[in-house]
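Please read the structure below before turning to the comments.
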Amino acid sequence: MKKLICLAILLVANNFYAQNNVAKKPENVIIINNEIVTMQQVEKYGSEGYVKSMNKGVSEEERNELAKKFGDKIGDKEFIIVVGIYTEQEKLENDKKIKASPPEKRVVVKKEQFVLNVNDTAKDFTLKLIDGKEVKLSDLKGKVVLVNFWATWCGPCLQEFYDIPTKILEPFKNDDFVLLAISIGEPENVVAKKVVKLRNDGLNFNFGIDPTQKIWNDYATNSIPKNFVIDQNGVVKYVAMGNKDGNLDDIASEIKKLLSK
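According to mature numbering (1 follows the signal peptide of the UniProt record, and there is no 0), the residues represented by the sequence shown are -18 to -1, 1 to 243, in order.
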């Protein structure tokens, strides 16, 4: 009997600490002219002035097309970078343009990215979790909540996920803090399949689905990932967009401030 009790305790402990054993973040796949290349090749193109653009992440449709072409070479490597290269003629024309013209001042038109902003009351919602349970945001009052919007095809979203256990979950595991990771615009079976892999990699979040984007439309627009830090009274206190260096550190700092009140 003692042996059985010890075994049960060991199994529970292993499940409890599973999120700390986070798998290594998948490597980037770099595409140039519809071919997979190395970073060394990108650096060579860059040093010679051939790099026209570099986009981190692709759309769901683009990723599916790449998966059809490259198969296992894409596999679970969600982090796809597409590099645009000048043709010889384009490079000649661009070089001439640079030499002949002074730098032009461009007017940058910023797209609206957030529906809710800092100090707005968070819009209440009921989220269906991937395990079938439901959670209502208003029921979490008294806790600090981090709402993260993502999608299975979004490379930057998934890249961010691999840093969340150490930067967000572990520091606040004993506090009144909840993370809700909400997949937008995708059917449950697609999200569930991805969640199996993420959890196998040690990413044990509260994964939820928003297939009709009803929740998303009340919070933000345009690009993902987006994060909303909501205080104990249900008020948005911090918003963040993209997976830039330092984003999660800033989010963690804001969570810590709220928890210390």
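Glycine residues also receive a C-beta, built at the ideal position from the N, C-alpha and C atoms.
Whether residue i touches residue j by CB criterion (7 Å)
i           : j           : result
residue 190 : residue 109 : yes
residue 102 : residue 120 : no
residue 206 : residue 136 : yes
residue 151 : residue 188 : no
residue 218 : residue 65  : no
residue 122 : residue 178 : no
residue 220 : residue 7   : no
residue 32  : residue 67  : yes
residue 48  : residue 149 : no
residue 195 : residue 228 : no
Counted within 10 angstroms of its Cβ, other Cβ atoms place residue i as buried (16 or more) or exposed
i           : result
residue 183 : buried
residue 169 : exposed
residue 142 : buried
residue 4   : buried
residue 260 : Outside the shown range of the chain (-18 to 243) lies residue 260, about which nothing can therefore be said.
residue 14  : buried
residue 204 : exposed
residue 11  : buried
residue 171 : exposed
residue 192 : buried
residue 186 : buried
residue 209 : buried
residue 104 : buried
residue 80  : exposed
residue 222 : buried
residue 242 : exposed
residue 176 : buried
residue 235 : exposed
residue 41  : exposed
residue 35  : exposed
residue -7  : With a pLDDT of 37 at residue -7, under the threshold of 50, the modelled position of this residue cannot be trusted, and the question is left open.
residue 29  : exposed
Limits of the alpha helix (DSSP H) - the one that residue i falls within
i           : result
residue 111 : Taken as a continuous stretch (DSSP letters only), residue 111 belongs to no alpha helix (DSSP H), being part of the beta strand (DSSP E) at 108 to 111.
residue 24  : 21 to 29
residue 77  : 70 to 82
residue 140 : 137 to 143
Span of the beta strand (DSSP E) around residue i
i           : result
residue 237 : Where residue 237 is concerned, there is no enclosing beta strand (DSSP E), although the alpha helix (DSSP H) it sits in stretches over 229 to 241.
residue 201 : Where residue 201 is concerned, there is no enclosing beta strand (DSSP E), although the alpha helix (DSSP H) it sits in stretches over 196 to 201.
residue 208 : 208 to 212
residue 174 : Looking at the DSSP string, residue 174 is not in any beta strand (DSSP E); the run it does join, the alpha helix (DSSP H), is 170 to 182.
residue 222 : 218 to 223
residue 120 : Taken as a continuous stretch (DSSP letters only), residue 120 belongs to no beta strand (DSSP E), as it is neither H nor E.
residue 131 : 126 to 132
residue 161 : 159 to 166
residue 187 : From DSSP, residue 187 is part of no beta strand (DSSP E); its letter is neither H nor E.
residue 67  : 62 to 67
residue 12  : 11 to 14
Does the contact criterion of 3 or more C-beta pairs under 8 Å hold for the region 56 to 76 versus the region 94 to 112?
They do not touch, by the three-pair rule.
Cβ contact check for the region 208 to 227 and the region 112 to 126: 3 or more pairs under 8 Å
Segment contact: the region 208 to 227 against the region 112 to 126, three or more CB-CB distances shorter than 8 Å; contact assigned.
Hey, is the region 192 to 201 in contact with the region 132 to 139, meaning 3+ C-beta pairs nearer than 8 Å?
Per the Cβ contact rule, the region 192 to 201 is not in contact with the region 132 to 139 (fewer than 3 Cβ pairs under 8 Å).
Please confirm if the region 141 to 159 is in contact with the region 16 to 25, defined as three or more CB-CB distances below 8 Å between the two stretches.
Because the criterion of three Cβ pairs below 8 Å is not met, the region 141 to 159 and the region 16 to 25 do not touch.
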